Structure formats: C-alpha cells, structure tokens
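Each remark here refers to the structure printed beneath this line.
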Amino acid sequence: MIVLTNKQMKEAEKYGIDKQYVSSTTLMENAALNVVGYIEQNFNKKSKIAVFCGKGNNGGDGYAIARGLFVRGYRVCIVPCADALEGTDDCITNYKSVKACGVTFIENYSDVCENADVIIDAIIGTGLSGEMREDISELCRAINTSEGFILSVDCPTGVNSDTGEAYKNAVKANVTYTFHCPKPGLLLYPARANTGKLLVGSIGIPVRRGEGLSLNTLTNDEAREMLPKRIPSSNKGTYGKVYAFSGCDEMTGAALLNLRAAYMCGAGLAIGVCTEKTADVIHLNLPEAVTNIMPNKDGHLTVEAYNSLEKKDDIKTALTGSGLGVTESTKALVKTLIENVKGTLVIDADGLNCLAGFPEVLKNSSADIVITPHIGEMSRLTGKSISSIKAEPIKTALDFAKEYGIVVVLKDASTVITSPDDRVYINTTGCAAMSKGGSGDTLAGLIAGLAAQKADTFTAAVLGTYINGLSGERASELNGTRGVMASDIVGCIPMIIDEINGFAPI
C-alpha cells in the first residue's frame, strides 16, 4: 500500500482537482462521509458527539462531519478552536453551511470533554511541524482526559504526520481516520501510539505517488503475491539451502533459531556452520538440520568456517552474526563472507558489531546483502546517536542503503526497510511481546529462508519482517504478552504463512 508524505498528499489532491476536475469541496465532503459512515456503524443516535474544529482544511472536514451527523439525527455539538472566518476557503464554506443548519456551538470545551460520548478531533490534521501553541496544547490535554471515544480526522492533533513525532499533549486517539493513503508519521513511533487504530478512506482521486520517496506499507494481499510459490513437482532442492554461520559456545541457541525459522518458512535445507557445542544443541532440538562442525578459537568461529568448506560455490544464501560474538576471529570471518559470498548474505546482530570497524568492505561485495540492525547496532555502524536515529529512522536507513548498495532492515517498534533505489517499507506488524532475546534471530532466518526460495533480497526483507511480526502477535495471543519466547514466534510462522495464503486455521 502506498504511503504519502504531507507534500505528496497535497500534490495528489491538486492532481485530482486540476486533471480530473474534482472540486476541493467535493474532496472534503467525501472525507467527511467516511467518518460519518464510521460513526453510523459504531454509535447510536443517543450518543453525545462533540466535534472540535480548527480553521484549516482539517477544521473544514470537522464542520462537514458535524453537518453530516446532524442531518442524520445525531446529538452533535461543535467546539470552535479558532475563528473559522479567518480560515481556508473550504473551511469557511462548511462553517457557514453547518451554522445555517443550526448545529449548537459550545465555547467551554472542559464541560464538553466531561460529557461527550464521542470526541472528533479536527483541529490541525497533517500540517503540524512543531510544538503546538499553548492554548491548543491545553485543549488537547483536556481531550485526552475525557472518558469518551476519541476519533482523529486525518491525523491526531499534535502529531507530525511525516516524521512520527508526538508533541506535548498530542491527542491520543482510539481511531484515526486518514484519507486517500496512510501518512508515514502515523506508522512510526511515538506517534503511532497516538494514532490508535488506523483507517484509510477514499476521497475519490486516483492513488498515485508523485515525486519524492517511494514509501509503502505491506498489506496481506500484497504479501500473498510476494510469497514464494510451492509447486507439486518439487523437492528440497527446489526451495534452496541456507548456510548459517552463527552461534558460539555461549550463545548456541541463536543458530538454532536461524535454522528453524529458515525451515519453517519453507527453505529446502538449513545448514549450520558452527562450533561443536552449537552443533550438539542443533542436533538435539532440530534433527532435520545439517551441521558442518568447524574449528573455533575460545568457542568462537574463525575464518576457517568459510575456508574449510568443500563446496563454497554451493552457497547461494547465507546468514551470519546471530550469537556469533565479537572477537578478532569473528571479525575476520564476517569480512571474508562479505568479500566471497556471491548470492544473498544476511548480516545480523554480532555480525553487524563486527562490521562496525570496516563498513567500507560492503561497497566492494558481490553479494546481495541485507543487514538487520536494531537501533543500537545502527548507532555503532553509523556513528550517529541513538536519539538522532530514532528521530529520523527512514532517512538513516535509506542513506546507509544508498551509500553501501545494500538492503537495510532497521529494527524498532516500527521497523523500516530500505533499498538503494529509494524504496521504503514501514512495517506495521509485531507487538511488545517480541521484546525478548532471539526474536531478531528468527527474523534473520526468515529473510534468509525466503531468499533461498528465490525471493529477491528486498522482497525477502519486507516479507520476512511482516511475517515475523505477525508470528509474534500470534504467539502473544497464545502465550500472553510477557511469556513469548523466540521459539514460540518460530512455531507460529507456518500458520501465519498459510493464513496469508488464504488457508483458514484449523
């Protein structure tokens, strides 16, 4: 699904007005009808509804919504948050229209907040790019203290719809009804927490991206199209091999999770290139896996893990870093893999910590590389502070992808996936239950497993992140928000993939 910045959305509206002769008042009326329809489906006419309106086009939406509810018999009042007659032309038009209908205007918002069953926030919308004025901030604080259901129109007031910043007292909506396409800030934290459930309504113009970033978020239908296909006349060779250069004697489970995730998403063979102690754990818990036991130094793999392999040309998909440890020997191994692997190479966790000392080697690699850093690992790779990365996750990930010619999966509550050719996906799946050691190991295995099945690296990264998040959500449903382990996430992968494919759970 296409995601549009505030600037791109304005361009889309202008295109509809200039090229399709759709008036701006019609676009506003269509936006209002979406919200009115939602209210009709979810609240009866005894509900007390208060619409808070600013003086921009968001306020115009609010006035049109109030009129639509009033003529349908709802108990609705308007709280004006600015002088509408000083507003945009469309806001003025809808203000005059709702005034003529006789809808009640109430100035004392405190009383309204205490008594309303539904509060509709149409104060500022997508245009905010800094802290709110003190009076508007205080008004939003009052809205947040209400016990009523809060619906924000297009964007919660106090949220930056481009960056995901949430300013002081930003409205905390139960539902945000945005129009035409999602906005990036509504998918990114901290603003995503203010957005509540995000709904997207059509306003009657074609979906087109225009200039600027190619931002997207994945839907189930799109994921279904991306999934590698299973064919009746196939064998394990059809679905590829994953070589995992993972684990050390202190972190044996990481390699196990890599291999299990690769198998669970459909890879034909999962091969652990590991220490003897790691191999013992793999054999005990995953008898289907193959292991190549390699020399080690103090329990850590060395460059011989690659050099000793008899069939190096057989490596079409590899991953490294999960539970690897950071030593001089593991640094040499990671560097060697980057320089020699010809297919897909997924670099995770300690592989990235090893790489932090020599990221330039990425530029000369023949491999199709995917890196999966969390914010701290990205900080070590880039030298940027954690706070600056969190403030600009899309820019950080995209700049790195373009500089080094790789795919970046920047993991956070809203994971961002970027490619060197300016494609960006914001992942919307996952939950707090996944905040446990090992969930990144499952993701690395998933991405590698999908790549082994001939998904291109960017598709494997986008789809793997999406599936991993849904698997975490399902594991949370089964085991509670605190009890989810990474192995639970892996166990949910097959059923999630079946559901994406349209197979109902048993």
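Counting from 1, position 360 in the sequence shown corresponds to residue 359 in numbering that gives the first Met the number 0; the numbering is continuous, with no gaps. Cβ atoms here follow ideal geometry from the backbone N, Cα and C, with glycine treated the same way. Since the model is a prediction, treat every value here as computed from it, not as a measurement.
For residue i, the nearest candidate out of the options (CA to CA)
{"i": "residue 298", "options": "327, 285, 451 and 283", "result": "327"}
{"i": "residue 150", "options": "137, 116, 161 and 129", "result": "116"}
{"i": "residue 304", "options": "330, 103, 386 and 426", "result": "330"}
{"i": "residue 291", "options": "265, 254, 141 and 261", "result": "254"}
{"i": "residue 114", "options": "176, 169 and 48", "result": "48"}
{"i": "residue 181", "options": "170, 194 and 171", "result": "194"}
{"i": "residue 179", "options": "161, 127 and 26", "result": "26"}
{"i": "residue 76", "options": "232, 98 and 87", "result": "98"}
{"i": "residue 273", "options": "264, 262 and 317", "result": "317"}
{"i": "residue 296", "options": "285, 276 and 284", "result": "276"}
{"i": "residue 197", "options": "177, 443, 216 and 71", "result": "177"}
{"i": "residue 341", "options": "360, 358 and 368", "result": "368"}
{"i": "residue 306", "options": "313, 335 and 324", "result": "335"}
{"i": "residue 448", "options": "260, 355 and 461", "result": "260"}
{"i": "residue 420", "options": "401, 435, 14 and 411", "result": "401"}
{"i": "residue 281", "options": "250, 144, 121 and 208", "result": "250"}
{"i": "residue 228", "options": "278, 266 and 206", "result": "266"}
{"i": "residue 171", "options": "436, 244 and 119", "result": "119"}
Limits of the unbroken beta strand (DSSP E) element including residue i
{"i": "residue 291", "result": "289-292"}
{"i": "residue 76", "result": "74-79"}
{"i": "residue 215", "result": "213-215"}
{"i": "residue 198", "result": "196-200"}
{"i": "residue 178", "result": "174-178"}
{"i": "residue 499", "result": "Careful: residue 499 lies outside any beta strand (DSSP E), inside the alpha helix (DSSP H) at 485-499."}
First through last residue of the alpha helix (DSSP H) which encompasses residue i
{"i": "residue 458", "result": "456-478"}
{"i": "residue 254", "result": "252-263"}
{"i": "residue 59", "result": "56-70"}
{"i": "residue 218", "result": "Segment: none, residue 218 is in no alpha helix (DSSP H) and carries neither H nor E."}
{"i": "residue 349", "result": "348-354"}
{"i": "residue 158", "result": "That residue, residue 158, is in no alpha helix (DSSP H); it is neither H nor E in DSSP."}
{"i": "residue 398", "result": "392-403"}
{"i": "residue 511", "result": "Not covered by the structure: residue 511. The range shown for the chain is 0 to 505."}
{"i": "residue 342", "result": "No alpha helix (DSSP H) contains residue 342, which DSSP labels as neither H nor E."}
{"i": "residue 8", "result": "5-19"}
{"i": "residue 105", "result": "Taken as a continuous stretch (DSSP letters only), residue 105 belongs to no alpha helix (DSSP H), as it is neither H nor E."}
{"i": "residue 134", "result": "133-144"}
{"i": "residue 168", "result": "From DSSP, residue 168 is part of no alpha helix (DSSP H); its letter is neither H nor E."}
{"i": "residue 440", "result": "438-451"}
{"i": "residue 39", "result": "23-41"}
{"i": "residue 374", "result": "374-381"}
Neighbourhood of residue i by C-beta, 6 Å cutoff - its chain only, sequence neighbours within 5 removed
{"i": "residue 422", "result": "213"}
{"i": "residue 364", "result": "337"}
{"i": "residue 148", "result": "117 and 173"}
{"i": "residue 324", "result": "247, 299 and 349"}
{"i": "residue 103", "result": "76"}
{"i": "residue 202", "result": "26, 29, 30, 178 and 179"}
Own chain residues within Cβ distance below 8 Å of residue i, not counting five before or after
{"i": "residue 83", "result": "52, 54, 58, 62, 90, 91 and 94"}
{"i": "residue 211", "result": "4, 6 and 7"}
{"i": "residue 167", "result": "130, 131, 136 and 157"}
{"i": "residue 468", "result": "414, 426, 427, 428, 429, 430 and 433"}
{"i": "residue 35", "result": "64, 67, 68 and 71"}
{"i": "residue 230", "result": "237"}
{"i": "residue 74", "result": "44, 45, 46, 47 and 48"}
{"i": "residue 100", "result": "66, 69 and 70"}
Classification of residue i by the beta-carbon crowding that lies within 10 angstroms, buried from 16 upward
{"i": "residue 109", "result": "exposed"}
{"i": "residue 257", "result": "buried"}
{"i": "residue 480", "result": "exposed"}
{"i": "residue 405", "result": "buried"}
{"i": "residue 247", "result": "buried"}
{"i": "residue 20", "result": "exposed"}
{"i": "residue 40", "result": "exposed"}
{"i": "residue 161", "result": "buried"}
{"i": "residue 64", "result": "buried"}
{"i": "residue 18", "result": "exposed"}
{"i": "residue 56", "result": "buried"}
{"i": "residue 283", "result": "exposed"}
{"i": "residue 528", "result": "No information on residue 528 is available, as it lies outside the stretch 0 to 505 that the chain covers here."}
{"i": "residue 457", "result": "buried"}
{"i": "residue 155", "result": "buried"}
Beta-ladder partner(s) of residue i, from DSSP
{"i": "residue 120", "result": "51 and 151"}
{"i": "residue 244", "result": "272 and 319"}
{"i": "residue 422", "result": "213"}
{"i": "residue 408", "result": "416"}
{"i": "residue 299", "result": "296"}
{"i": "residue 282", "result": "Beta-bridge pairing links residue 282 to no other residue."}
{"i": "residue 83", "result": "In DSSP, residue 83 forms no bridge with anything."}
{"i": "residue 1", "result": "215"}
Cβ shell of residue i (< 7 Å), same chain only, five flanking positions each side left out
{"i": "residue 499", "result": "219, 222, 223 and 226"}
{"i": "residue 414", "result": "408, 426 and 464"}
{"i": "residue 351", "result": "320, 370, 372, 376 and 380"}
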